[in-house]
Amino acid sequence: MNEHPASEENLGFLLWRVSTLWSSSTAAALKQFGLTHPHFVILATIDWLTGKGANQEQIGRHVVLDPKPTAHLLRSLQVKGLIEPLHTVDEKNGFPLLTNAGKEMLAKVLPVIESADAAFFASIESTNSKMVTALQILARANFSKHGGESCCLSEDDGESCGS
Numbered sequence: 031m032n033e034h035p036a037s038e039e040n041l042g043f044l045l046w047r048v049s050t051l052w053s054s055s056t057a058a059a060l061k062q063f064g065l066t067h068p069h070f071v072i073l074a075t076i077d078w079l080t081g082k083g084a085n086q087e088q089i090g091r092h093v094v095l096d097p098k099p100t101a102h103l104l105r106s107l108q109v110k111g112l113i114e115p116l117h118t119v120d121e122k123n124g125f126p127l128l129t130n131a132g133k134e135m136l137a138k139v140l141p142v143i144e145s146a147d148a149a150f151f152a153s154i155e156s157t158n159s160k161m162v163t164a165l166q167i168l169a170r171a172n173f174s175k176h177g178g179e180s181c182c183l184s185e186d187d188g189e190s191c192g193s
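The sequence shown begins at 31 in the working numbering and counts up by one.
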């Protein structure tokens, strides 16, 4: 017999609950910096991809967002002065880079996020390699099932967005 979709034994529901609770704790930690969770993810991704020549499309694919919300987040970060203007007229081929303010912001935010993550995940062994491996397998398998295409989440509330 299959478990009810809202049951505590349903893997999908458990993943939804944990990811929503984690995202909420991260959002609360970021609020003092005026950043949303997607802003932080994009900032950290740009930093991580620096030197790899990642354009807007590749950044969106890495964080699993469609082009429209990725572009919106990048524009928002540019307005906040945290990323440089795109280096070409063609935004699709631009390579976003963190400004000095963006680097300083990320340096302030990272320890706060690491602390929030440590607190959130304190009830499980932090070196739980089985859990990390299982999540990596799920991410890779499902990313490739979608042909490497991103899903669409809105910046503000995580709901699906239309095309």
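Glycine included, every Cβ here is placed at the ideal spot set by N, Cα and C.
Cβ atoms of L95 and E114 stay farther apart than 8 Å, at about 20 Å. If you look at D96, you'll find it isn't in any alpha helix (DSSP H); DSSP assigns it neither H nor E. DSSP, read as helix, strand or coil, puts I154 in coil.
DSSP places H67 in the uninterrupted alpha helix (DSSP H) bounded by H67 to L79. No Cβ-Cβ contact shorter than 8 Å links L103 with T129.
Within 10 angstroms of the beta-carbon of N85 lie 16 or more other beta-carbons, which makes it buried. The alpha-carbon of K61 is positioned some 33 Å away from that of A171. Residue environment analysis places P68 among the buried positions, since at least 16 neighbouring C-beta atoms fall within 10 angstroms of its C-beta.
Per the C-alpha coordinates, the member of V162, F150 and L65 positioned closest to V109 is L65. C-alpha of I89 to C-alpha of F125: approximately 9 Å in a straight line.
The Cβ-Cβ distance between F70 and I143 falls below 8 Å. Taking every protein chain shown into account, the CB of A59 has 16 or more other CB atoms within 10 angstroms, so this residue is buried.
In this structure, the beta-carbon distance from L73 to M135 falls below 8 Å. In the DSSP assignment, F43 falls within the alpha helix (DSSP H) that extends over L41 to K61. L127 carries a coil assignment under DSSP once its states are collapsed to helix, strand and coil. Around the beta-carbon of V48, fewer than 16 other beta-carbon atoms lie within 10 Å, marking it exposed.
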